[in-house]
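These notes concern the structure reproduced below.
Protein chains: 2
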Amino acid sequence: MITPQIPKGFRDFLPEKKIIRQQIIDHIRSIFETYGFVPLETPCLEYAETLEGKYGEEGDRLIYKFLDRGGRAVALRYDLTIPLCRVISMYPELVKPFKCYQIAPVWRADKPQKGRFREFYQCDIDIIGTASVLADAELMSIMYAVLTKLGIANFTIHINHRKLLNAVAVSAGIREGEVTTFLRSLDKLDKVGKETVSGELKEKGFSAGSIERAFAIIEEAGTSDNHKAFLEKVGSLIQGTAGGEQGVAELMIIREALEAQGIPERGYCFDLSLARGLDYYTGPVFETRVETPKVGSITGGGRYDNLIGLFCKTPYPATGTSFGLERLIAVLEEMAGQDTRLSKTQVLVALFDKSLLGETVRVAKMLRDAGINTEIYFEADKLKRQLTYAANKSIPLVVILGSDEFKNGTVALRNMQLGQQEIIAQNDLVHTVKERL
Amino acid sequence: MITPQIPKGFRDFLPEKKIIRQQIIDHIRSIFETYGFVPLETPCLEYAETLEGKYGEEGDRLIYKFLDRGGRAVALRYDLTIPLCRVISMYPELVKPFKCYQIAPVWRADKPQKGRFREFYQCDIDIIGTASVLADAELMSIMYAVLTKLGIANFTIHINHRKLLNAVAVSAGIREGEVTTFLRSLDKLDKVGKETVSGELKEKGFSAGSIERAFAIIEEAGTSDNHKAFLEKVGSLIQGTAGGEQGVAELMIIREALEAQGIPERGYCFDLSLARGLDYYTGPVFETRVETPKVGSITGGGRYDNLIGLFCKTPYPATGTSFGLERLIAVLEEMAGQDTRLSKTQVLVALFDKSLLGETVRVAKMLRDAGINTEIYFEADKLKRQLTYAANKSIPLVVILGSDEFKNGTVALRNMQLGQQEIIAQNDLVHTVKERL
Chain D
571 MITPQIPKGF
581 RDFLPEKKII
591 RQQIIDHIRS
601 IFETYGFVPL
611 ETPCLEYAET
621 LEGKYGEEGD
631 RLIYKFLDRG
641 GRAVALRYDL
651 TIPLCRVISM
661 YPELVKPFKC
671 YQIAPVWRAD
681 KPQKGRFREF
691 YQCDIDIIGT
701 ASVLADAELM
711 SIMYAVLTKL
721 GIANFTIHIN
731 HRKLLNAVAV
741 SAGIREGEVT
751 TFLRSLDKLD
761 KVGKETVSGE
771 LKEKGFSAGS
781 IERAFAIIEE
791 AGTSDNHKAF
801 LEKVGSLIQG
811 TAGGEQGVAE
821 LMIIREALEA
831 QGIPERGYCF
841 DLSLARGLDY
851 YTGPVFETRV
861 ETPKVGSITG
871 GGRYDNLIGL
881 FCKTPYPATG
891 TSFGLERLIA
901 VLEEMAGQDT
911 RLSKTQVLVA
921 LFDKSLLGET
931 VRVAKMLRDA
941 GINTEIYFEA
951 DKLKRQLTYA
961 ANKSIPLVVI
971 LGSDEFKNGT
981 VALRNMQLGQ
991 QEIIAQNDLV
1001 HTVKERL
Chain L
571 MITPQIPKGF
581 RDFLPEKKII
591 RQQIIDHIRS
601 IFETYGFVPL
611 ETPCLEYAET
621 LEGKYGEEGD
631 RLIYKFLDRG
641 GRAVALRYDL
651 TIPLCRVISM
661 YPELVKPFKC
671 YQIAPVWRAD
681 KPQKGRFREF
691 YQCDIDIIGT
701 ASVLADAELM
711 SIMYAVLTKL
721 GIANFTIHIN
731 HRKLLNAVAV
741 SAGIREGEVT
751 TFLRSLDKLD
761 KVGKETVSGE
771 LKEKGFSAGS
781 IERAFAIIEE
791 AGTSDNHKAF
801 LEKVGSLIQG
811 TAGGEQGVAE
821 LMIIREALEA
831 QGIPERGYCF
841 DLSLARGLDY
851 YTGPVFETRV
861 ETPKVGSITG
871 GGRYDNLIGL
881 FCKTPYPATG
891 TSFGLERLIA
901 VLEEMAGQDT
911 RLSKTQVLVA
921 LFDKSLLGET
931 VRVAKMLRDA
941 GINTEIYFEA
951 DKLKRQLTYA
961 ANKSIPLVVI
971 LGSDEFKNGT
981 VALRNMQLGQ
991 QEIIAQNDLV
1001 HTVKERL
């Protein structure tokens, strides 16, 4: 006999979990489609060379890699962005801008720990083929719509711009080639605080003067309450740097678009300390932080105008964001408490009298044809046992066909929560069931 | 630069394909739920030992296997049945009968050819924990409902019973231990004909007499037009064999249940030559064959009362069927012809006048809030280019905000198919768009 077990860091989703996951995914999909996004699916396995060298040294180590039977190195998908870039370069016929969503599992051979798995879902939306920041603004509007419609209220979308950040770094005296290294440390400001970041930067060899000047600019800009005034102030601080001015101008357009979408000022902020770790971002970057429950960032993304260039000669400007589906589900589960469902069945038709087998099946069919989720109990067990089954699966209504009642053209309908039973005409069953649900 | 390509036998589903797949899957899911089935999801990776030795020698060779970073042998899921058996034994708390569905990809390192892929979806429904053949009959009803509701008309569900087949074999003089080997050849009768099967059986060492006797019983039984009369005749042919009598009695109940479900007699047949290759079936076996288009079997399954016993001591009777989702999709695509959709967008709001950016976004929001799938064009390109985009993506309506019209409280609505444009009040836009769609 084989011990039934699954590899560490992997999960089974039993129905009560899977029902919730499926509902959330369906809901998110329908919102994406309202904005004209279409679904895309890529294979779980890619050639290893497609993935390698894209996620940094540590990322590369976490790729599940192996040789296929033909001896070629293949790998399980590590994220959804690189496969998308491969798709864009393989199928130049796709109409641009190409607006797509992907909701699919990815794999990372990471150390499993609470909330971190080796197989988990990502949920990405991307817009390929336009440099317009209206596209970035649209992604933010969608983040806002998704979270709001899921009932999450206390969140803020943090927005920054890589060109603006570069301008800040350069204004502080950091050389062009070192800006990325600088930003990677700066990205931790929110989590670990100024002193730790400052220490790390000094270790990396940045001068105390540069570090101080960069912090001074960020602090002088403050945080944005009045977003328009904030952007004007930042504009004056980085005046004269071409990239910085472009960054501020683009953030201004984003602000205008978000306002037109009816997103309140408290729903987002411009945050000069937001860097987003990945090297490949080139324009606006954004992430959403949820305050209660305090789970940190729940979406993250940005513009990556040069990434597709790794696969083809046509430069496709692109922007995208990822929803942390696993965290989103965790938040919603916490909000819902114990309100999980063991089934979606609405009516159980008991098999009370074996001689009425055909009639029992017919009644179930009648209910299903009316769109009511209906189960038949498969064995002519004692009624008590059949009711226990309904109770265990939280099925609200049970229909019982007794032979006497049946001859009179009636059935018994039992309300499991009230423990009450009523005798109703068979012709009224569908109608009455719909009323009682 | 990396050449963008995917491993052989793997596929990208671009939006026009993925939209159809998603619609079919959603439709099938909703039918399963009407019958009280709940979704289940297992990891893509299992320990290799969980899968090995379950699929026969050839099957084992096709498993994608590799060592994880901890040096343990893991494997990509080969089907959905074995992971389900593992789940049942790992979580004894699951309420029985446990009725679940799974729709998910599986992997087989097979030689790719037309219609055969290394990564493909399976769609399974299973009922665990009841020996009642009403469960088997329910699976058949669901097959019937799914195919009918998908618009497939010319199909027949072929039904047989392993115990009845055993009785036929034993009646023909074949020894108990050799029945499985015998049935594996018999299973090909429909595809390759009597002579080839007979030849293969002789090669395997079965006596000409036994083979003839087996064929004689199958032929004498004929095929079922009048199902009840057929089963009575078969009953008389195998009289005296305990298993055979049980088989016929169970098929009788299945017939009664199918009739009660309103399934016409021509929708199914009892077919003594149906064996279903897999060794693990113990009771009713069934598959659906589609006649036009001639694609062969599109669902297949049966009762497997002993399989879960490989993982745990509790014997769980079980029955299940698999829908050949890939074939189903191929059939539906053939039926639909070229009617594929490049997008689900209903309205494009053109960005005609840059100074009206905010208003353009607001109009799009108004349409989305009314449940209309709406895109904004992201750049203030020439109108002709924006209309070309709408045409390329088959978006039926385009809203254009000109500054003069806008001041008068109107917008232009263009019907792409008719090439006509009308001026309407902004307040009437949602209403008019819904009328025009």
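So the sequences go chain by chain: D and L.
Position one of the first sequence corresponds to residue 571 (the working numbering), numbered consecutively onward.
Position one of the second sequence corresponds to residue 571 (the working numbering), numbered consecutively onward.
Each residue gets a CB set at the ideal place from its N, CA and C atoms; glycine is no exception.
Since we're looking at a predicted model, the values are computed, not measured.
Glutamine 672 (chain D) in three-state terms, based on DSSP: Counting from one through the first sequence, the residue named residue 672 (chain D) turns up at place 102. The answer is strand: DSSP assigns glutamine 672 (chain D) an E or B state.
Within-8 Å CB hit, tyrosine 838 (chain D) to chain L: Locating residue 838 (chain D) in the first sequence gives position 268, where the first residue counts as 1. No, tyrosine 838 (chain D) does not count as interfacial toward chain L.
8 Å Cβ cutoff, asparagine 943 (chain D) in contact with chain L: As a position in the first sequence, residue 943 (chain D) is number 373, starting the count at 1. Yes - at least one Cβ of chain L is within 8 Å of the one on asparagine 943 (chain D).
Boundaries of the beta strand (DSSP E) in which leucine 771 (chain D) is found, first to last residue: Locating residue 771 (chain D) in the first sequence gives position 201, counting from the first residue. No beta strand (DSSP E) contains leucine 771 (chain D), which is instead part of the alpha helix (DSSP H) from 764-773.
Short Cβ contact (8 Å threshold) for glutamate 857 (chain D) with serine 867 (chain D): Numbered from its first residue, the first sequence carries residue 857 (chain D) at position 287. Numbered from its first residue, the first sequence carries residue 867 (chain D) at position 297. For glutamate 857 (chain D) and serine 867 (chain D), yes; Cβs fall inside 8 Å.
Interface flag, alanine 900 (chain L) vs chain D, CB-CB below 8 Å: Stepping through the second sequence from its first residue, residue 900 (chain L) is reached at position 330. No, because no Cβ of chain D sits closer than 8 Å to the Cβ of alanine 900 (chain L).
Own chain partners of leucine 807 (chain L) with C-beta closer than 7 Å, once the 5 adjacent residues on each side are dropped: Walking along the second sequence from the start, residue 807 (chain L) turns up at place 237. Excluding sequence neighbours, leucine 807 (chain L) sits near Ile787, Glu790 and Ala791.
Outcome for glutamine 692 (chain L) when other beta-carbon atoms lying within 10 angstroms are tallied against a minimum of 16: By 1-based counting over the second sequence, the position of residue 692 (chain L) is 122. Per the 10 Å Cβ criterion, buried.
Runs of alpha helix (DSSP H) lying entirely within the segment 600-627 of chain L, each at least 4 residues, in chain order: 618-621
Those runs of the beta strand (DSSP E) which lie wholly inside the segment 706-755 of chain D and span at least 3 residues: 725-731
Alpha helix (DSSP H) segment containing aspartate 694 (chain D), residue limits: Your numbering for residue 694 (chain D) matches position 124 in the first sequence. Unbroken run through aspartate 694 (chain D) is the beta strand (DSSP E), 689-698; no alpha helix (DSSP H).
Where the alpha helix (DSSP H) containing valine 818 (chain D) begins and where it ends: The residue given as residue 818 (chain D) occupies position 248 in the first sequence. Counting along the chain, the alpha helix (DSSP H) containing valine 818 (chain D) begins and ends at 812-830.
Entirely enclosed alpha helix (DSSP H) segments - the segment 965-1007 of chain L, minimum 4 residues: 973-977 and 999-1006
Any C-beta of chain L under 8 Å from that of aspartate 1042 (chain D): What the structure shows of chain D is the stretch from 571 to 1007, and residue 1042 (chain D) is not part of that stretch, so it cannot be assessed.
Integer Cβ distance of threonine 915 (chain D) from serine 892 (chain D), believed to fall under 8 Å: By one-based count along the first sequence, residue 915 (chain D) stands at place 345. By one-based count along the first sequence, residue 892 (chain D) stands at place 322. That pair is no contact at about 35 Å.
Nearest to isoleucine 652 (chain L) (by Cα), restricted to the options L:Tyr874, L:Val981 and L:Thr726: The residue labelled residue 652 (chain L) in the question sits at position 82 within the second sequence. Out of L:Tyr874, L:Val981 and L:Thr726, L:Tyr874 has the C-alpha closest to the C-alpha of isoleucine 652 (chain L).
Local Cβ density within 10 Å of glutamine 991 (chain D), reported as buried at 16 or more and exposed below that: Along the first sequence, one-based indexing puts residue 991 (chain D) at 421. Under this definition glutamine 991 (chain D) is an exposed residue.
Min CB distance arginine 639 (chain D) to chain L below 8 Å: To locate residue 639 (chain D), count along the first sequence from 1; it is residue 69. Yes, contact with chain L.
Min CB distance isoleucine 576 (chain L) to chain D below 8 Å: Mapped onto the second sequence, residue 576 (chain L) falls at position 6. Yes, isoleucine 576 (chain L) counts as interfacial toward chain D.
Selected residue, minimal CA-CA separation from isoleucine 729 (chain D), among D:Leu912, D:Gly872 and D:Leu1007: Here the question's residue 729 (chain D) lines up with position 159 in the first sequence. Cα-wise, what sits closest to isoleucine 729 (chain D) is D:Gly872.
Residue-chain proximity (glutamine 683 (chain L), chain D), Cβ-Cβ < 8 Å: Counted from its first residue, the second sequence places residue 683 (chain L) at position 113. No, glutamine 683 (chain L) does not count as interfacial toward chain D.
Buried versus exposed, by CB contacts within 10 Å (16 or more), alanine 799 (chain L): On the second sequence, position 229 is the one that residue 799 (chain L) refers to. The residue in question, alanine 799 (chain L), is exposed, as its Cβ has fewer than 16 Cβ neighbours within 10 Å.
Candidates L:Gly769, L:Gln956 and L:Glu929, of which the one nearest leucine 918 (chain L) by Cα: Here the question's residue 918 (chain L) lines up with position 348 in the second sequence. Selected option, being the one with the closest Cα: L:Gln956.
Candidates D:Glu689, D:Ser659, D:Pro613 and D:Gly606, of which the one nearest glutamate 611 (chain L) by Cα: For the purposes of this step, residue 611 (chain L) is taken as the residue at position 41 of the second sequence. Answer by Cα proximity: D:Glu689.
Touch test, the segment 956-974 of chain D against the segment 922-940 of chain D, Cβ-Cβ under 8 Å, three pairs minimum: yes
Three-way DSSP call (helix, strand, coil) for serine 913 (chain D) in this model: Position 343 of the first sequence holds residue 913 (chain D). DSSP places serine 913 (chain D) in coil when its eight states are reduced to three.
Opposing strand residues paired with threonine 858 (chain L) [DSSP bridges]: By one-based count along the second sequence, residue 858 (chain L) stands at place 288. In DSSP, threonine 858 (chain L) forms a bridge with L:Ile727 and L:Thr869.
Limits of the unbroken beta strand (DSSP E) element including glycine 890 (chain L): Taking the second sequence and counting its residues from 1, the one referred to as residue 890 (chain L) is at position 320. Note, glycine 890 (chain L): beta strand (DSSP E), 888-893.
Residues within the segment 866-897 of chain D neighbouring chain L, beta-carbon criterion of under 9 Å: Gly879, Leu880, Phe881, Cys882 and Lys883
Under the three-state DSSP convention, the category threonine 944 (chain D) falls into: Translated into positions along the first sequence, residue 944 (chain D) becomes position 374. Reduced to three states, the DSSP call for threonine 944 (chain D) is strand.
Per-residue burial, tyrosine 661 (chain L) [other beta carbons within 10 Å of its own, 16 or more giving buried]: The count along the second sequence starts at 1 and reaches residue 661 (chain L) at position 91. Exposed, since its Cβ has fewer than 16 Cβ neighbours within 10 Å.
Contact residues within the segment 687-706 of chain D, judged by C-beta distance below 7 Å to chain L: Glu689, Thr700, Ser702, Leu704 and Ala705
Closer than 7 Å at the beta carbon, the chain D residues around glutamine 592 (chain L): What you label residue 592 (chain L) is simply residue 22 of the second sequence in a count that begins at 1. Within 7 Å Cβ-Cβ: Pro609.
For threonine 620 (chain L) and glycine 699 (chain L), the rounded distance between their alpha carbons: Locating residue 699 (chain L) in the second sequence gives position 129, counting from the first residue. Locating residue 620 (chain L) in the second sequence gives position 50, counting from the first residue. Those two C-alpha atoms are separated by around 21 Å.
Beta-carbon proximity check, isoleucine 712 (chain L) vs isoleucine 595 (chain L), cutoff 8 Å: Translated into positions along the second sequence, residue 712 (chain L) becomes position 142. Translated into positions along the second sequence, residue 595 (chain L) becomes position 25. In this structure, isoleucine 595 (chain L) does not lie closer than 8 Å to isoleucine 712 (chain L) by Cβ.
Unbroken alpha helix (DSSP H) run spanning cysteine 655 (chain L), endpoints: Counted from its first residue, the second sequence places residue 655 (chain L) at position 85. Per DSSP, cysteine 655 (chain L) belongs to the alpha helix (DSSP H) from 651-660.
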